[in-house]
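See below for the structure under consideration.
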Amino acid sequence: MPVKESFTPKIVAFCCNWCSYAGADLAGSSRLSYPADVKIIRVPCSCRVNPMFLLRAFQKGADGVILCGCHPGDCHYSTGNYYARRRMTLLFSMLSYLGIEKERTRVEWVSAAEGARFASVMNDFVGTVQKLGPCRRLEDVRCKE
Amino acid sequence: MKKLEKDRLSAFLQQIGEEMPLFVPVQKEEGAVFTRWSPEVTPQLGAVRTVRSPKDLFFPQCEALYTLKTEQGKLQIAPQKRAEEPFAVFGMRGCDARALQVLDQVFLTEPVDTFYKARRENGVLLTLACRRPDTACFCTVFQNDPADPLGDVCLVEGDTCFFLMAKTEKGQAFLDRFASFLTPCEEPDENACRKEQANIRAIAARLPLRDLSLEGWGPGQTDARFSDPRWDTLSKNCLGCGTCTFVCPVCQCYDLHDYDTGHGVIHYRCWDSCMYEDFTRMSAGNNRPTRMQRYRQRFMHKLVYGPENNNGMYGCVGCGRCVVKCPSSLHIVQVLRKMRKEEEHAKL
Amino acid sequence: MQRIKETLTHWLQSGQVDRVLGWKEGDMPGLREPAFFENAEELKSLCYDAFCGPNLSKFLIAAGEKDGVTAVVLKPCDSYSLNELIRENRVQRDRVKILAVPCEGNIDPRVFENRGVLSVSIEGDQLHLTTLYGEENEPLARCFLERCTVCRGGRHAVYDELLCPEAEETPQKGDRFEAVRELEEKSEEERYAFWQETFSRCIRCNACRNACPACNCRECVFDGAALDSRQKAAAVPFEESLFHIVRAYHVTGRCTDCGECSRVCPSHIPLHLLNRKMILDINTLYGPYQAGDSDKGRSPLTDYTPDDCEPNQGKGA
Numbered sequence: 001m002p003v004k005e006s007f008t009p010k011i012v013a014f015c016c017n018w019c020s021y022a023g024a025d026l027a028g029s030s031r032l033s034y035p036a037d038v039k040i041i042r043v044p045c046s047c048r049v050n051p052m053f054l055l056r057a058f059q060k061g062a063d064g065v066i067l068c069g070c071h072p073g074d075c076h077y078s079t080g081n082y083y084a085r086r087r088m089t090l091l092f093s094m095l096s097y098l099g100i101e102k103e104r105t106r107v108e109w110v111s112a113a114e115g116a117r118f119a120s121v122m123n124d125f126v127g128t129v130q131k132l133g134p135c136r137r138l139e140d141v142r143c144k145e
Numbered sequence: 001m002k003k004l005e006k007d008r009l010s011a012f013l014q015q016i017g018e019e020m021p022l023f024v025p026v027q028k029e030e031g032a033v034f035t036r037w038s039p040e041v042t043p044q045l046g047a048v049r050t051v052r053s054p055k056d057l058f059f060p061q062c063e064a065l066y067t068l069k070t071e072q073g074k075l076q077i078a079p080q081k082r083a084e085e086p087f088a089v090f091g092m093r094g095c096d097a098r099a100l101q102v103l104d105q106v107f108l109t110e111p112v113d114t115f116y117k118a119r120r121e122n123g124v125l126l127t128l129a130c131r132r133p134d135t136a137c138f139c140t141v142f143q144n145d146p147a148d149p150l151g152d153v154c155l156v157e158g159d160t161c162f163f164l165m166a167k168t169e170k171g172q173a174f175l176d177r178f179a180s181f182l183t184p185c186e187e188p189d190e191n192a193c194r195k196e197q198a199n200i201r202a203i204a205a206r207l208p209l210r211d212l213s214l215e216g217w218g219p220g221q222t223d224a225r226f227s228d229p230r231w232d233t234l235s236k237n238c239l240g241c242g243t244c245t246f247v248c249p250v251c252q253c254y255d256l257h258d259y260d261t262g263h264g265v266i267h268y269r270c271w272d273s274c275m276y277e278d279f280t281r282m283s284a285g286n287n288r289p290t291r292m293q294r295y296r297q298r299f300m301h302k303l304v305y306g307p308e309n310n311n312g313m314y315g316c317v318g319c320g321r322c323v324v325k326c327p328s329s330l331h332i333v334q335v336l337r338k339m340r341k342e343e344e345h346a347k348l
Numbered sequence: 001m002q003r004i005k006e007t008l009t010h011w012l013q014s015g016q017v018d019r020v021l022g023w024k025e026g027d028m029p030g031l032r033e034p035a036f037f038e039n040a041e042e043l044k045s046l047c048y049d050a051f052c053g054p055n056l057s058k059f060l061i062a063a064g065e066k067d068g069v070t071a072v073v074l075k076p077c078d079s080y081s082l083n084e085l086i087r088e089n090r091v092q093r094d095r096v097k098i099l100a101v102p103c104e105g106n107i108d109p110r111v112f113e114n115r116g117v118l119s120v121s122i123e124g125d126q127l128h129l130t131t132l133y134g135e136e137n138e139p140l141a142r143c144f145l146e147r148c149t150v151c152r153g154g155r156h157a158v159y160d161e162l163l164c165p166e167a168e169e170t171p172q173k174g175d176r177f178e179a180v181r182e183l184e185e186k187s188e189e190e191r192y193a194f195w196q197e198t199f200s201r202c203i204r205c206n207a208c209r210n211a212c213p214a215c216n217c218r219e220c221v222f223d224g225a226a227l228d229s230r231q232k233a234a235a236v237p238f239e240e241s242l243f244h245i246v247r248a249y250h251v252t253g254r255c256t257d258c259g260e261c262s263r264v265c266p267s268h269i270p271l272h273l274l275n276r277k278m279i280l281d282i283n284t285l286y287g288p289y290q291a292g293d294s295d296k297g298r299s300p301l302t303d304y305t306p307d308d309c310e311p312n313q314g315k316g317a
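Chains as they are written, first to last, in the working numbering: chain Y, 1 to 145; chain A, 1 to 348; chain H, 1 to 317.
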């Protein structure tokens, strides 16, 4: 599948309310730039993210999905991100086993103070997904224009 | 009657396949499956039963009916195109062809299902007599003749050739179109064909399920059967999966859904199963909240309501798919036998 | 066989149990059906042999809604399923009485398909089939369900009475993860092609879900109208993948690898390859874990350690 140079991936970023969302906020107020195609969905905790959310994002046209939460040990609810970590480890492993490009999914821990890190994580992730091209293996053809 | 030498079969199929979409049973990992013909596929004509029936080709498991879009603030409705191209199904069995007749009763009476109708009009059925019926077959119980299947063209396999008989005008036109592959039958050929058919009927007469009785079923039995306490016992180990309904060549219940694509709506239908908890669920809840009620519904529909509404045609053709596929071995044979056996028992 | 019936009859007659869950002969040769027996007379039709494939554990969830105690006959792998249900509080331990029976493997009913089988019997190392078209033999070793070719051994995870204590020591056979590893070693493209072909056979009958003892949600996300997740048919390949990912994922850490999903699939989809991938990952990443081994404790997905590996570096990544 030839990839047009102008391809801008659609990225869904699930961000925990307490750290990563605040990190994104800080990135914004610090005037750091990251691609506008990253759509942030605020969740109360990274462990709120049901695997179905990720799959649904791909179905509705996302080319990459990233989950951001507090650093392990820093969860606002003490342990939520530890559970999320295991869940996503196994889910990503299964997706890769099914032949879906592993680079399309990622978990990053971003604290409220890490505005710069948030921007660089997003830039890096968008770059990676851009190289992969549009998501074909987890797409729902009906949702394509 | 015409005949087709076996060594010309692949050329015959190739010619059909090049002129129109052709579906033939092909052996795959899961069993024989009706597959679109291509030069690479080898038809599997030995398996009497495909995993799924060719019902899909006329009433697909999932199909869009229309799509909705807004363009410049106006709602646009785009109906799905009906089938227009002729196609052929080769190697279908008599039971599955009969199942289509049952579906015709449902879909071709008013209000006519135009999607189904278009496919029925365009599809040519080339059915094959069952040289080796399986133990789970009981098509004769529902007045099928495995030696002389329904369809547009019926084929009987001989030792070196197939005997072809047109059963409808459509079938005759089809045979005329591909006449170059066929040779006329002489007296000895007709005898050979009759002998093959007699063999098949002899096997059918030995099938263990041939003597299932439909006594006590059929039109007018609703009251007697509905409140039978034995439904409780029978349904006890049903898992509530939809295997029986989805492999059944007759089951025709479907559900309608709207799918939001983000830039429009696809209105589609898909097969439904009365075994599912949300079957015909309405805002007020489900009509059949218990598994027993759902289980009863399936068999009452096939054996009582169905014949009542469709000129006596039962909703079962005896293909035996549910018999071999049910994970709990709770199938129509069991219902017919249990309800019968205990009746006899009660008389004694 | 005789001892099974005697024990169960005794349990029934002495009032220790109110009903028995076992198998009886089905209407077709070589197929057995799950059945409840309420008295000694009915128990006469109970049978147990290599054709008793169905795992009876899941029926105990529904049986638990009735009064009294249900006796159940369990093969070794089925006992793990039941123990897991007990751990999840889906079955109350004191409401079941378990007779543990040894198992030498179950015959795969696929062997009989389209062959006109009138009767089957096991004779030595051969499966003997009397068909409408003559007598046939199949080497027995080739007739077992996949799960039995990689049997985990004869141990029962939970029981009240052990019919055959010496059989508990039966060792495991083969390596059940071999096929998973083979698949893992293939390229991403090959894996994708394999699973797309495999999932495309799915007819969405939900037999894998409904037969699975671990799949016991009161309302399945695929049945509910909420979340736009209800799918009765897979309209596009995405929905096939979605269903199978979510099904396998939801039993991750709770799947005992009893093999019912693969047994019941009418399209013979090797669902165990998905389940075992998750089991293998859990074993490698979080330490060996066998669901159903114990009726206490936490499953790997409801547990953590502070130094678990990171998702981006997980085994698959």
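The C-beta atom is built at its ideal place from N, Cα and C for all residues, glycine as well. Just so you know, these numbers come straight off a predicted model, no measurement behind them.
Of the residues P171(H), A157(H), C164(H), the one whose Cα lies closest to the Cα of C148(H) is P171(H). Within chain A, E29, E30, G31 have C-beta atoms less than 8 Å from the C-beta of H268(H), given in sequence order. Contact annotation, P306(H) with Y82(Y): C-beta distance approximately 7 Å; criterion of less than 8 Å satisfied. The alpha-carbon separation between A36(Y) and L68(A) amounts to approximately 30 Å. Residue nearest to Q105(A) within the set P307(A), L336(A), R337(A), I332(A) is P307(A) (criterion: CA-CA distance). Proximity of chain H to N237(A) at the Cβ level (cut-off 8 Å) is accounted for by E33, P34, A35, F36, F59, in chain order. Taking a Cβ-Cβ cut-off of 9 Å, G28(Y) has no neighbours in chain A, whose nearest Cβ is about 26 Å from it.
Put simply, the CB of G73(A) is far from chain Y, with every gap to its CB atoms at 8 Å or more. Closer than 7 Å at the C-beta level to chain H, one finds these residues of the segment 64-90 of chain Y: P72, G73, T79, Y82, Y83, R85, R86, R87, M88, T89, L90. Within chain H, K186, S187, E188, E189, E190, R191, Y192, A193, F194, W195, Q196 have C-beta atoms less than 9 Å from the C-beta of G99(Y), given in sequence order.
Sequence-distant partners of R276(H) (beyond 5 residues in either direction) whose C-beta falls short of 8 Å from its own C-beta, in its chain, are R176, F177, A179, V180, D257.
Take V91(H), set aside five residues on each side of it, and the residues of its chain with a beta-carbon closer than 7 Å to its own are L60, I61, G64, L82, L85, in chain order.
Rounded to whole angstroms, the gap between the alpha carbons of L175(A) and W217(A) is 40 Å. DSSP places E185(H) within a helical segment (H, G or I) once states are collapsed to three. Counting only runs of 4+ residues, the alpha helix (DSSP H) found wholly inside the segment 182-244 of chain A occupies 187-204, 222-226, 230-235, in chain order. Only those residues of the segment 264-291 of chain A whose C-beta falls short of 7 Å from the nearest C-beta of chain Y are listed: I266.
R254(H) places its beta carbon 8 Å or farther from that of A193(H).
With a threshold of 16 other beta carbon atoms within 10 Å, C164(H) falls short and is exposed. Taking the C-beta atoms as reference points, C47(Y) is found no nearer than 8 Å to H76(Y). Between the alpha carbons of V112(A) and T131(H) lies a gap of roughly 44 Å.
By the Cβ-count criterion, F226(A) is exposed, with fewer than 16 other Cβ atoms from all chains shown falling within 10 Å of its own Cβ. Per DSSP, N210(H) is one residue of the alpha helix (DSSP H) stretching across 207-211.
Contact annotation: the segment 49-56 of chain A does not touch the segment 124-136 of chain Y, with fewer than three C-beta pairs closer than 8 Å. A direct Cα-to-Cα measurement between E135(H) and L118(H) gives close to 10 Å. Of all residues in the segment 245-263 of chain A, only T245, F246, V247, Y254, D255, H257, Y259, D260 come within less than 9 Å of chain H when Cβ atoms are compared, listed by chain position. Near chain Y, meaning a CB-to-CB distance below 9 Å, the residues of the segment 229-253 of chain H are S229, A235, V236, P237, F238, E239, S241, L242, H244, I245, V246, A248, Y249, H250, T252, G253. The C-beta of R194(A) has fewer than 16 other C-beta atoms within 10 Å across all chains shown, which makes the residue exposed. In this model, E169(A) and I266(A) are separated by some 37 Å (Cα to Cα). Nearest CB-CB separation between F7(Y) and chain H: not below the 8 Å threshold. By the criterion of a C-beta distance shorter than 6 Å, C52(H) is surrounded in its chain by W23, R32, once the five residues flanking it on both sides are discounted. Just so you know, the alpha carbons of M94(Y) and P133(A) end up roughly 43 Å apart. No Cβ of chain Y is located within less than 8 Å of the beta carbon of M28(H).
The C-beta of T8(Y) has fewer than 16 other C-beta atoms within 10 Å across all chains shown, which makes the residue exposed. Within 10 angstroms of the beta-carbon of N216(H) lie 16 or more other beta-carbons, which makes it buried.
When secondary structure is reduced to three states using DSSP, F14(Y) falls in the strand class.
In the DSSP secondary-structure assignment, E25(H) is bridged to R32(H).
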